[in-house]
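The structure under discussion appears below in the form of structure tokens.
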Amino acid sequence: MTWWGLAMLVLALAGVAGGADLAATQASARTAADAAALAGAGAHPLAGGAGDACQAAARLASANGARLASCEVTGTRPSRLRVAVRVAAEPTTAVLRDTVGSVEAAATAGLARAAPAAGGERVDR
């Protein structure tokens with residue numbers, strides 16, 4: 111194998127490794143966003159929680175290797191509660207961190223509408 115061939119092989123392997131790192135970072139960001147939104151919705155007093163929704167979302171995002179970029183809580187009734195979050199995760203390779211920066215993902219969680227009661231009435235707190 112010539113030096114040229116070896117150089118091309120190294121570049122190809124670096125490209126594959128970079129692509130794999132980017133895909134893993136995107137998956138990690140999506141997982142962190144989902145977990146953060148669910149944690150935020152569960153922590154809200156309308157859902158029976160006793161904490162701050164955005165603080166809970168930030169803790170779960172951090173536990174999943176990301177940071178909470180934004181958090182918005184809407185709704186004044188349990189059936190209307192929505193927690194929307196955006197998280198950012200950093201690729202593990204320095205080249206991707208420098209060229210791509212952080213990878214963002216968003217998720218929304220809330221409470222499901224109550225099922226109709228036996229008499230056909232909707233039960234809502």
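The letter at position 108 of the sequence shown is residue 218 when you use the working numbering, and the numbering goes up by one with no holes.
Note that beta-carbon positions come from the ideal geometry of N, C-alpha and C, so glycine has one too.
The structure displayed is predicted, hence computed values, not measured ones.
- Beta-carbon gap between S180 and V193 smaller than 8 Å: Between S180 and V193, the CB-CB gap reaches or exceeds 8 Å.
- Query: When DSSP labels each residue in this structure, what does T209 get in the three-state scheme?
  - Reply: T209: helix per DSSP, three-state reduction.
- Can you tell me where the beta strand (DSSP E) with A198 in it begins and where it stops? First-last of the beta strand (DSSP E) with A198: R192 to A199.
- Query: What separation, rounded to the nearest whole angstrom, lies between the Cα atoms of Q136 and G129?
  - Reply: 11 Å
- Length of the line joining the Cα atoms of R187 and G152: R187 and G152: Cα-Cα distance of roughly 14 Å.
- Alpha carbon to alpha carbon, what distance is there between L206 and T112? 29 Å
- Assumed close pair L132, V210 - CB separation to whole angstroms, cut-off 8 Å: 7 Å
- Would you mind listing the alpha helix (DSSP H) stretches within the stretch 157–194 that are 4+ residues and don't spill past its ends, in chain order? 163–173
- Query: Can you name the residues that DSSP bridges to N216?
  - Reply: The sequence given here has Ala at residue 216, not Asn. Paired residues: R196.
- Task: Could you have a look at L148 and say whether DSSP puts it in helix, strand or coil?
- Result: helix
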